[in-house]
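So the structure is just underneath, and the comments pick up after that.
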Amino acid sequence: MMNDDCVFCRILSGSIGTKLYEDEDFFIIRDINPKARLHYLAITREHAPLISGYTGVDALGRILKKISAMTDTLGLYGGYRLIINQGKDAEQSVQHLHIHILGGEPLGDLR
Ligand code: AMP
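One rule links them: number in the numbering used here = place in the sequence shown (from 1) + 265.
And the structure:
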């Protein structure tokens, strides 16, 4: 369900931003504030803040497989890191489920 107050829903609808890829499950954009040389967001079409409320359980598997098949297209030749922030301890700032895709350089350890 589209949420007019959600920035990712507005990108999905095409009213703002640029989608690099789109299919029936999700779409990919560049993060506006990159935390690595390459930083993309894979965003579900369905507006749900958390995995727990997301109905596309099978879609999540397809999205992961699709990301892994797109790494050359995205320039992620040396590997990549996926991050899903959930809730306040993770400092989730956009309440629409998304997977960060980071790469394009050595990323170091998580801590
Ligand atoms: P999170 O903290 O996991 O909710 O991540 C939200 C991400 O969305 C942040 O990395 C932001 O830089 C990114 N972001 C917010 N608004 C936009 C936008 N309009 N276009 C691209 N990325 C955005």
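No residue lacks a Cβ here, since even glycine has one placed at the ideal position from N, Cα and C.
If you check the beta carbons only, do residue i and residue j fall under 9 Å apart?
i: residue 297; j: residue 349; result: no
i: residue 307; j: residue 361; result: no
i: residue 275; j: residue 289; result: no
i: residue 325; j: residue 367; result: no
i: residue 293; j: residue 284; result: yes
i: residue 331; j: residue 273; result: no
With a threshold of 8 Å, establish whether the CB of residue i neighbours any heavy atom of ligand 1.
i: residue 302; result: no
i: residue 298; result: yes
i: residue 312; result: no
i: residue 318; result: no
i: residue 350; result: yes
i: residue 282; result: yes
i: residue 322; result: no
Let me know if residue i comes out buried or exposed under the rule of 16 or more other beta-carbons within 10 Å of its beta-carbon.
i: residue 277; result: buried
i: residue 342; result: exposed
i: residue 352; result: exposed
Bridge partners of residue i, per DSSP?
i: residue 295; result: 305
i: residue 346; result: 367
i: residue 311; result: Looking at the DSSP assignment, residue 311 forms no beta bridge with any residue, so it has no partner.
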